[in-house]
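Residues are numbered in the working numbering as their position in the sequence shown, beginning at 1, plus a constant of 1316.
Following: one structure in structure tokens, then a few remarks.
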Amino acid sequence: MEFVDLRAQYAALKDEIDDAIQRVLDHGRFIMGPEVSELEKRLAEYVGVRHCITCANGTDALLLPLMAWGVGPGDAVFVPTFTFFATAEVVSLVGATPVFVDIDARTFNLDPDQLESAIQRIENSGELVPKVVIPVDLFGLPADYSGIEAIARRHNLLVLEDGAQGFGGSCHGQKACSFGHAATTSFFPAKPLGCYGDGGAILTNDDELASSLRSLRVHGQGTSKYDNVRIGLNSRLDTIQAAILLPKLRAFEEYELDRREWLAQTYSNALSGSVNTPSVPDGYRSSWAQYSVLASSSEERTRMQEALKSAGVPTMVYYVKPLHLQSAYRDLGYAEGDMPIAEDVCRRIFSLPMHPYLAPSAVDEIATVLRSAKTG
Ligand SMILES: *Cc1c(COP(=O)(O)O)cnc(C)c1O
């Protein structure tokens, strides 16, 4: 059994993907070819925003808006402590300071109450200026944007949605990757919408930001190729990756997302009683980037993962360590016990195989193994 079965997806879409790649080889416009603008148009339409700016990966997608906004030394950027490292790394790359915030125990996403207290702490100490919050749509579930955006408005913060895992999710009909002042996603192969290499995108309704981003991704380009008006990056999505993403986006819209949702529901029915299954608040839809469950203890998690491994079922732990305890951030002075919810979740969480081509019989098999590992 595969954790994410990219070969099964390729088998299902082989003709379309092969043709798409061949067309790029034939026309030869490998950088910023026609498939890139077509994909940007499709993605913006799908999400329901005016602009999509593709780029080299989901990390640059977070970095570029911070650069466009001039975020830098002396600025505080609020980041959930329970996420992939890149969410905070980009903050440090522009010279600003990540301020870690604990999560909601049920959704695993940024807790708006904890955000409010973190902002007040920073405002009171006066050492940093609160500038941006980066909520993450962890495991595919959109963060609590109504709560977070209200707080951001009160404190004059910009909101950057990290939708690297969120593409396809929604909240009360509004699609993930359309929240905040700008939103990002990643096309890393194992993400809900993945390409065959690295890729990313920024989505926004802000015309001025969109035009800065289009310049920043090509070395701060001005009106012509050798006119540079700002310091930027080389961060473009390859035409071949865009060509691969077009048929994948079609399959994602037509059946893959529905299939993920159906599998998640099947998992939750089969696993209740053995593990704590993910909760999706009313009005929300997850893209199920991961199907993550909680064991009752760290020891039970180990036992369950080992039992699954013996049965040929791969599992992963997202994430072993919260960001405030990463050694890269030791100088920020956080200690164990500072973010109790995230720390507890890190000890008990694990993720099960999840992809649109997973057989329903796999879910039954996993449920049986977990039931017997539960009773020991
Ligand atoms: C994957 C991921 C990223 C980074 O995306 P890349 O394309 O790998 O650079 C950022 N944030 C989160 C939450 C992610 O899961």
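We put the CB at the ideal spot given by N, CA and C, even for glycine.
Since we're looking at a predicted model, the values are computed, not measured.
Kindly list the residues whose CB is nearer than 8 Å to the CB of residue i, restricted to its own chain and excluding five residues on each side of it in sequence; keep chain order.
i	result
Asp1554	Phe1346, Ile1347, Gly1513, Gly1515
Ala1623	Val1685, Leu1686, Ser1688, Ala1689
Leu1562	Ala1336, Glu1351, Glu1354, Leu1355, Arg1358
Thr1500	Gly1374, Ala1377, Leu1378, Pro1381, Leu1476, Glu1477, Asp1478, Gly1479, Ala1480, Cys1493, Gly1516, Ala1517, Ile1518, Leu1519
Glu1659	Pro1638, Leu1641, Glu1652, Gly1653
Ile1560	Ile1333, Ala1336, Ile1337, Cys1511, Tyr1512
Glu1432	Ile1467
Thr1399	Val1452, Leu1454, Asp1478, Tyr1635, Leu1639
Which residues in the same chain as residue i place their Cβ atom closer than 7 Å to its Cβ, once the five residues preceding and following it in sequence are excluded?
i	result
Gly1510	Phe1503, Phe1504
Ala1384	Leu1525, Ser1528, Leu1529, Leu1532
Phe1265	No answer is possible for residue 1265: it lies beyond the span of the chain, which begins at 1317 and ends at 1692.
Asn1544	His1535, Gly1536, Gln1537, Gly1538
Tell me the rounded alpha-carbon separation between residue i and residue j.
i	j	result
Ala1526	Glu1572	29 Å
Tyr1635	Ala1404	14 Å
Val1415	Ala1434	8 Å
Val1679	Leu1457	21 Å
Tyr1607	Ser1626	20 Å
Glu1439	Val1417	15 Å
Phe1394	Lys1564	33 Å
Gln1557	Tyr1461	30 Å
Lys1447	Leu1329	43 Å
Met1655	Tyr1645	14 Å
Val1445	Gly1388	10 Å
Leu1293	Val1449	Residue 1293 lies beyond the stretch modelled for the chain, which goes from 1317 to 1692, so this question has no answer here.
Trp1578	Gln1490	20 Å
Using a Cβ-Cβ cut-off of 6 Å (strictly less than) and excluding sequence neighbours within five positions of residue i, which residues of its own chain qualify?
i	result
Val1596	Ser1602
Val1633	Phe1666
Gly1694	In this structure the chain extends from 1317 to 1692, so residue 1694 is not present and cannot be described.
Pro1508	Phe1483, Gly1484, Ser1603, Ala1605
Arg1422	Ser1595
Asp1420	Asp1427
Which residues bound the beta strand (DSSP E) around residue i?
i	result
Asp1391	1391-1396
Ala1611	Segment: none, Ala1611 is in no beta strand (DSSP E) and carries neither H nor E.
Cys1371	1367-1371
Ala1517	1516-1520
Val1591	Run containing Val1591: none; DSSP gives neither H nor E here.
Pro1414	1413-1417
Ile1667	In the sequence on display, residue 1667 carries Ser and not Ile. From DSSP, the beta strand (DSSP E) with Ser1667 extends over 1665-1668.
Can you tell me where the alpha helix (DSSP H) with residue i in it begins and where it stops?
i	result
Ala1559	1555-1567
Gly1463	1461-1470
Val1679	1676-1691
Leu1409	1402-1409
Thr1375	1374-1384
Val1340	1322-1343
Pro1350	1350-1363
Assuming the contact rule is C-beta atoms closer than 8 Å, residue i and residue j should be a hit. Round their C-beta distance to whole Å, please.
i	j	result
Cys1371	Ile1518	7 Å
Asn1521	Arg1366	5 Å
Ala1611	Val1629	That belief does not hold up - the Cβ atoms of Ala1611 and Val1629 are roughly 15 Å apart, past 8 Å.
Arg1576	Pro1672	6 Å
In chain order, what are the residues with a CB under 6 Å from some non-hydrogen atom of ligand 2? Judged by which ligands are present, ligand 2 is missing from the structure shown, whose ligands are ligand 1.
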